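**Q** Counting in our numbering, the sequence shown runs from 123 upward without gaps.
Don't be surprised by glycine CBs; every beta carbon is placed ideally from N, CA and C.
All values derive from a computational prediction rather than experimental measurement.
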Amino acid sequence: MAASTSREAAVHLTPLGPDVSLCVGDEHASVATVFFNGSDVLLVDALGSAADARRLRDLLCRQMGKTVRMMVFTHFMSDHIAGLTVFPEAMTVAHRNYRHTFLSQNRRVDAFYREPQVVFDSAMRIGWGRHELRLLHNPGKTLDHLSVDVPTADLVCVGDNIVGSIVYLSKADPAQIRTAIGRARQFGRGTVVGGHIGAFDATVLDNALHYLEHLRRTVVTLRAQADAGPLGERIAAIPMDACLAPGVEPTDFERIWHQRNLEAIDAQGIFELDTYLARPTEVA
Numbered sequence: 123m124a125a126s127t128s129r130e131a132a133v134h135l136t137p138l139g140p141d142v143s144l145c146v147g148d149e150h151a152s153v154a155t156v157f158f159n160g161s162d163v164l165l166v167d168a169l170g171s172a173a174d175a176r177r178l179r180d181l182l183c184r185q186m187g188k189t190v191r192m193m194v195f196t197h198f199m200s201d202h203i204a205g206l207t208v209f210p211e212a213m214t215v216a217h218r219n220y221r222h223t224f225l226s227q228n229r230r231v232d233a234f235y236r237e238p239q240v241v242f243d244s245a246m247r248i249g250w251g252r253h254e255l256r257l258l259h260n261p262g263k264t265l266d267h268l269s270v271d272v273p274t275a276d277l278v279c280v281g282d283n284i285v286g287s288i289v290y291l292s293k294a295d296p297a298q299i300r301t302a303i304g305r306a307r308q309f310g311r312g313t314v315v316g317g318h319i320g321a322f323d324a325t326v327l328d329n330a331l332h333y334l335e336h337l338r339r340t341v342v343t344l345r346a347q348a349d350a351g352p353l354g355e356r357i358a359a360i361p362m363d364a365c366l367a368p369g370v371e372p373t374d375f376e377r378i379w380h381q382r383n384l385e386a387i388d389a390q391g392i393f394e395l396d397t398y399l400a401r402p403t404e405v406a
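Laid out in C-alpha cells, this is it:
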C-alpha cells in the first residue's frame with residue numbers, strides 16, 4: 123500500500139503567477155489550471171485519467187489542506203473531465219452544448235460523466251480571490267468550447283482549440299478552429315494554457331494558425347492532383363516540419379497528433395470542401 127500511496131502523489135504544480143498554478147497529468151499530458159482562494163480551489167479542466175485526478179486530489183486536499191470547490195471545463199471530452207470522479211463535492215460549470223461534445227468524441231469514457239450543475243450559453247464571470255475568470259463560448263474543436271480569460275493573471279485557457287503549436291482536426295471544422303484561435307488572440311494575454319502539454323507564450327496561437335493553414339494548403343494541392351497516385355498514401359506522407367512555423371521544435375506529443383491529423387484527413391474527408399472551393403472557375 124505504501125508504494126501505491128507514493129505513486130498517487132506523483133504530480134506537481136508549476137506556478138503561473140500569484141494564486142494560480144498548472145498541473146500536467148501523465149495520461150494524454152492533459153492539464154488542470156489551479157486557482158487558489160485561501161483554502162478553496164477552482165480548477166479549469168481536470169486531467170485525463172482517474173489516477174491522475176486522484177494524485178491531484180492527494181496533493182491539493184491531503185498535502186496542502188485545500189478543498190476543490192468548483193471545476194470549469196473548457197470542453198466536455200473524457201480526457202479533460204476525469205476529476206469529476208474524485209471531486210464529487212465541487213460545483214461544475216460547462217457550456218450548454220457539453221452533452222453533444224461528450225457523445226461525439228472518439229474515445230468516450232462513460233465512467234467519468236457527471237451532469238454539470240451550471241451551464242451557460244455565451245459568457246459568464248467568476249470572481250475567485252484575486253482573480254476574475256471570464257468564460258466565453260468559443261466553439262472551435264468542439265461546439266461547447268470555452269476560452270477562459272483571466273486578465274488578472276495575464277493568461278487565457280483555450281482547451282483543445284490548440285494542441286501545443288498545432289491543432290487537432292478530427293470531427294471538427296477547420297474554419298471554426300481558425301476563428302476560435304483568432305478570438306483567443308484578441309485577449310492579448312502573455313500566457314496561453316492549452317488542453318495538453320502545458321502553458322506557452324502568446325506566439326503559440328500564431329504557430330497553431332501557421333500549422334493549420336500550411337496543412338490545409340498542402341492537402342488541397344494533393345486532393346487536386348487526381349492522377350498522382352493513391353491519395354491516402356500521399357496525405358500520410360505529409361511531413362510535419364513542412365507545416366510548422368519557423369523555429370518551432372515539435373514535441374513527441376505533437377508529432378503523434380500530427381500523424382493522427384493525417385489519418386483523420388484521409389478518413390473524414392477533411393479539406394474536401396476547401397479543395398472544391400479552390401477549383402478554377404469553369405467557363406461555359
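Under 8 Å, with one C-beta from each stretch per pair, do the segment 321-337 and the segment 298-308 reach the 3-pair mark?
**A** Verdict: yes, contact present.
**Q** If you count every other CB in all the chains shown that lies within 10 Å of the CB of S269, and 16 or more means buried, which is it?
**A** As a first step, residue 269 is located in the sequence shown; it is residue number 147 there, counting from the start. The residue is buried, with at least 16 neighbouring Cβ atoms inside 10 Å.
**Q** So, with DSSP's three-state summary, where would you put P137?
**A** The count along the sequence shown starts at 1 and reaches residue 137 at position 15. P137 falls in the strand class under three-state DSSP.
**Q** Identify whether G304 lies in helix, strand or coil by the three-state DSSP scheme.
**A** Counted from its first residue, the sequence shown places residue 304 at position 182. Three-state DSSP puts G304 in a helix.
**Q** Near N219, what residues of its chain come up, given a Cβ to Cβ distance below 7 Å and the 5 sequence neighbours on each side ignored?
**A** Taking the first residue of the sequence shown as 1, we reach residue 219 at position 97. For N219, where only same-chain residues beyond five positions count, the Cβ hits under 7 Å are L265, D266.
**Q** Quick one: what's got a C-beta closer than 6 Å to G262's C-beta in the same chain, skipping five residues either side?
**A** In the sequence shown, counting from the first residue as 1, residue 262 sits at position 140. Contacts found: N283, Q298, I299, A302.
**Q** Looking at E254: is its Cβ nearer than 8 Å to the Cβ of T274?
**A** Indexing the sequence shown from 1 puts residue 254 at position 132. Indexing the sequence shown from 1 puts residue 274 at position 152. Yes, they are a contact pair.
**Q** Note down the Cα distance separating T373 from D388, rounded to an integer number of angstroms.
**A** Here residue 373 is taken as the residue at index 251 of the sequence shown, counted from 1. Here residue 388 is taken as the residue at index 266 of the sequence shown, counted from 1. When rounded, the distance between both Cα atoms is 23 Å.
**Q** If we ignore side chains and look at the alpha-carbon of each, how far apart do H217 and F158 end up?
**A** Against the sequence shown, residue 217 aligns to sequence position 95. Against the sequence shown, residue 158 aligns to sequence position 36. The alpha-carbon atoms of H217 and F158 are separated by roughly 23 Å.
**Q** What residue ranges within the segment 301-379 form continuous alpha helix (DSSP H) runs of no fewer than 4 residues, ordered along the chain?
**A** Listed in chain order, the complete alpha helix (DSSP H) runs (minimum 4 residues) inside the segment 301-379 are 325-346, 353-358.
**Q** DSSP three-state call for T223: helix, strand or coil?
**A** Against the sequence shown, residue 223 aligns to sequence position 101. The answer is helix: DSSP assigns T223 an H, G or I state.
**Q** Among G286, R401, T196, whose alpha-carbon lies nearest the alpha-carbon of F242?
**A** Position 120 of the sequence shown, counted from the start, is the residue given in the question as residue 242. Out of G286, R401, T196, T196 has the C-alpha closest to the C-alpha of F242.
**Q** Distance check for Y398 and A427, CA to CA, integer angstroms please.
**A** Shown here, the chain extends from 123 to 406; a query on residue 427 therefore has no answer.
**Q** Hey, which unbroken runs of the beta strand (DSSP E) at 3 residues or more fall wholly within the segment 224-261?
**A** Entirely contained in the segment 224-261, the beta strand (DSSP E) runs reaching 3 residues are, in chain order, 240-242, 245-250, 253-259.
**Q** Determine the direct distance from the alpha carbon of V280 to that of R230, and round the result to whole angstroms.
**A** Looking up residue 230 in the sequence shown gives position 108. Looking up residue 280 in the sequence shown gives position 158. Each residue's alpha carbon lies about 21 Å from the other.
**Q** Classify A386 as helix, strand or coil using the three-state DSSP reduction.
**A** Working through the sequence shown from its first residue, we reach residue 386 at position 264. Correct three-state label for A386: helix.
**Q** When you measure from the CB of L366 to every non-hydrogen atom of the ligand GDP, does any distance come out below 7 Å?
**A** With respect to small molecules bound, the structure shown includes none, and the ligand GDP cannot be examined in it.
**Q** Between the alpha carbons of R141 and E237, how many angstroms are there, rounded?
**A** Counting from 1 along the sequence shown, the entry for residue 141 is found at position 19. Counting from 1 along the sequence shown, the entry for residue 237 is found at position 115. Here residue 141 turns out to be Asp, not Arg, going by the sequence shown. C-alpha separation (whole angstroms): 28 Å.
**Q** Indicate whether H380 and I319 have their beta-carbon atoms separated by less than 8 Å.
**A** Within the sequence shown, the letter at position 258 stands for residue 380. Within the sequence shown, the letter at position 197 stands for residue 319. For H380 and I319, no; Cβs fall outside 8 Å.
**Q** Could you check the C-alpha separation between A207 and P368 for me, to the nearest Å?
**A** Locating residue 207 in the sequence shown gives position 85, counting from the first residue. Locating residue 368 in the sequence shown gives position 246, counting from the first residue. Note that residue 207 is Thr in the sequence shown here, rather than Ala. So the alpha carbons of these two residues sit roughly 41 Å apart.
**Q** From the DSSP output, which residues share a beta bridge with T155?
**A** Position 33 of the sequence shown, counted from the first residue, corresponds to residue 155. DSSP, once it has assigned bridges, lists L144, V166 as partnering T155.
**Q** Which residues in the same chain as K188 place their Cβ atom closer than 8 Å to its Cβ, once the five residues preceding and following it in sequence are excluded?
**A** Along the sequence shown, one-based indexing puts residue 188 at 66. Excluding residues within five positions, the ones whose Cβ falls inside 8 Å are F158, S161, D162, V163, L182.
**Q** Give me the Cα-Cα distance between T325 and M362, rounded to the nearest whole angstrom.
**A** As a working mapping, residue 325 is identified with position 203 in the sequence shown. As a working mapping, residue 362 is identified with position 240 in the sequence shown. Going by the C-alpha atoms only, they are around 18 Å apart.
**Q** Short of 6 Å in beta carbon distance, which residues of its chain neighbour S171, apart from the five on each side in sequence? Order them along the chain.
**A** Locating residue 171 in the sequence shown gives position 49, counting from the first residue. These residues qualify, in order along the chain: E149, A204.
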